[in-house]
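Colleague:
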Amino acid sequence: MIALLWGIGCGVCGLLWVMMESMTGRLQAGESIETQVLWLMLTPIAAIGCMVHKRKQESVFPYSAAIKTGMLATLWGSVALTVVWMLVVMVLVPDYQTIVEVGITKQSIKAGETVQQLAQRINAAKLLRTPPMLFGISFILPMVVGTVASIIGAIGLRTKQRT
């Protein structure tokens, strides 16, 4: 239950961040590096926070229990972040793909790229941002970084049985 709460908190933070960026116009440039970095930070924060929370409740918290707790928080956080992207792309900003293409075009013009280079960048963006691929990436990346954080964090957060 604690892992689910931390996972939901992770999703709520992601939703609030995307809404804030949308209101300030940051998403109009096509992509936001801050959102990408945040997506890589939220699940590790949720995993470590959940492990600390669980450790305070139990007198013995072995390495395996710490990893299990962190992985559950990571799983729920990744699911929540994927749902946030589904909500953003399908409901809140249904023309997200067009916004990304316009942003890429503006960046390419500033960089002085050729028409062929621009076409390649737009095709790559279309491939990576189609709904199945976008949702897969938005689940897998947070899951990977949360897993790594859980494995590393469990080393420091474990407690041994007191005799």
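Residue 288 is where the sequence shown starts when you use the numbering used here, and the numbers rise one by one after that.
Glycine included, every Cβ here is placed at the ideal spot set by N, Cα and C.
1) Less than 8 Å separating the beta-carbons of Val-370 and Gly-294?
2) Residues in its own chain within less than 8 Å of His-340 by CB, not counting five upstream and five downstream?
3) Drop a sphere of 10 angstroms on the beta-carbon of Pro-419, count the other beta-carbons inside from all chains shown, and report buried for 16 or more, exposed for fewer.
4) I'd like to know if the stretch 298–310 and the stretch 403–421 are in contact, where contact means that at least 3 CB-CB pairs between them fall below 8 Å.
5) Classify Thr-311: buried if its beta carbon has 16 or more other beta carbons within 10 angstroms, exposed otherwise.
6) Under the criterion of a Cβ to heavy atom distance below 7 Å, does Met-373 qualify as lining the ligand MN?
Modeller: According to the structure shown:
1) Cβ distance not < 8 Å, so Val-370 and Gly-294 don't count as in contact.
2) If we look at His-340 and ignore the five residues flanking it on each side, its Cβ neighbours are Ile-289 and Trp-293.
3) Answer is exposed; the Cβ neighbour count stays below 16.
4) Because the criterion of three Cβ pairs below 8 Å is not met, the stretch 298–310 and the stretch 403–421 do not touch.
5) Looking at its Cβ environment, which holds fewer than 16 other Cβ atoms inside 10 Å, Thr-311 is exposed.
6) Judged by which ligands are present, the structure shown has none, so any question about the ligand MN falls away.
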